[in-house]
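Undergrad: After the structure tokens below, expect a handful of questions from me.
Residue numbers (the working numbering): 1 to 320.
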């Protein structure tokens, strides 16, 4: 019996190694949980071509938006764990959604990390036709004068803009009403129309409107100014030093994907991100192309899952 088990194990290990050696034999699909445009989709498209070059096979991007990311996450979780279907994971969905709902059709354990691909700060933007404040401090005071009367947009329930604004409300006591949208494009459209007045989002989403004066940027949510908005202060410079908010995008594979395949994917992602053209394209889009390997990315996920569990409970945030 022991000999049979050993022989079976040896065959399995041989097949796994062979599968990794042959990988990829066809096109790899990256599934994006957001509509075209915005941080997640842009990040995927920046890395797709150089990743395909590194792997030696095409890499295509497929958008499966809806359900606050759950449609895409469920689809990838249920796909074959062979490395040919990857999730382009958005930080708020990955570490936020599990803390907002007990009935998700997926769980973080359904995925194994491949690598971080991009990271971005956010900017607090307002419609100047609706908000008089020209500084962050004045904005907080303006909101406090009419609790709940000012609406803020988000890219959807559980998005960084949703969770991050709820933390902003908690830290400042500025009570605003949440209006969720499907993606940043629809949210920005309504902010420009004045239907909602505030949007915390990535700088590239609003930079053009800030430059034309249609939107006003009050602060960026990082410890240094954003190169696209050099005249906009950080939250610390604007009087709110305890508030920082980053958005990240990373690749994950379904749990059960052979480790040699994960290793090959991770090495290829790292090589793709090191390309000068990849760095230039990311910089032009206002985001930072930054690689973190599977182990480091898993630590990031574990840390942020614990952080958002505490934060969601303390702030009373719910999946509206």
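No residue lacks a Cβ here, since even glycine has one placed at the ideal position from N, Cα and C.
Can you give me the start and stop residues for the alpha helix (DSSP H) that residue 193 sits inside?
TA: Unbroken alpha helix (DSSP H) run through residue 193: 184 to 193.
Undergrad: Could you pull the start and end residues of the alpha helix (DSSP H) that residue 129 belongs to?
TA: No alpha helix (DSSP H) holds residue 129; DSSP gives it neither H nor E.
Undergrad: Mapping the DSSP letters down to three states, classify residue 291 as helix, strand or coil.
TA: Looking at residue 291 - three-state DSSP - the assignment turns out to be strand.
Undergrad: Between which two residues does the alpha helix (DSSP H) holding residue 151 run?
TA: Unbroken run through residue 151 is the beta strand (DSSP E), 151 to 154; no alpha helix (DSSP H).
Undergrad: Start and end of the beta strand (DSSP E) containing residue 120?
TA: Counting along the chain, the beta strand (DSSP E) containing residue 120 begins and ends at 111 to 121.
Undergrad: Examine the Cβ distances between the region 205 to 213 and the region 254 to 274 and report whether three or more of them are shorter than 8 Å.
TA: Short answer: they don't touch.
Undergrad: Considering only DSSP beta bridges, list what residue 180 is partnered with.
TA: According to DSSP, which records beta bridges pairwise, residue 180 is partnered with 154.
Undergrad: Does DSSP classify residue 99 as helix, strand or coil?
TA: Three-state result, residue 99: helix.
Undergrad: Return the residue from the list 125, 310, 288, 295 that minimises the CA-CA distance to residue 233.
TA: Minimum Cα distance to residue 233 is reached at 125.
Undergrad: Please go through the same chain and pick out, in chain order, the residues whose beta-carbon is closer than 8 Å to the beta-carbon of residue 129, but skip the five residues on each side of it.
TA: 194, listed in sequence order.
Undergrad: Between residue 279 and residue 289, which are expected to be in contact by the criterion C-beta below 8 Å, what is the C-beta distance as a whole number of angstroms?
TA: Right, their Cβ atoms sit about 5 Å apart.
Undergrad: Using 8 Å as the cut-off, can you tell me whether the region 166 to 176 makes contact with the region 130 to 143, which would need three or more C-beta pairs spanning the two stretches below that distance?
TA: They touch, by the three-pair rule.
Undergrad: Following the continuous alpha helix (DSSP H) through residue 141, name the residue where it begins and the one where it ends.
TA: Element bounds for residue 141: 136 to 145.
Undergrad: Would you kindly work out how many angstroms separate the C-alpha atoms of residue 127 and residue 213, rounded to a whole number?
TA: Near 9 Å, if we compare the C-alpha coordinates of residue 213 and residue 127.
Undergrad: Pick from 68, 251, 203: whose alpha carbon is nearest that of residue 44?
TA: When only C-alpha atoms are compared, the closest one is 251.
Undergrad: Opposite residue 168 in the DSSP bridges: which residues?
TA: According to DSSP, residue 168 bridges with nothing at all.
Undergrad: Looking at residue 55: is its Cβ nearer than 8 Å to the Cβ of residue 88?
TA: No.
Undergrad: State yes or no: is the C-beta of residue 68 within less than 8 Å of the C-beta of residue 93?
TA: The answer is yes: Cβ separation under 8 Å.
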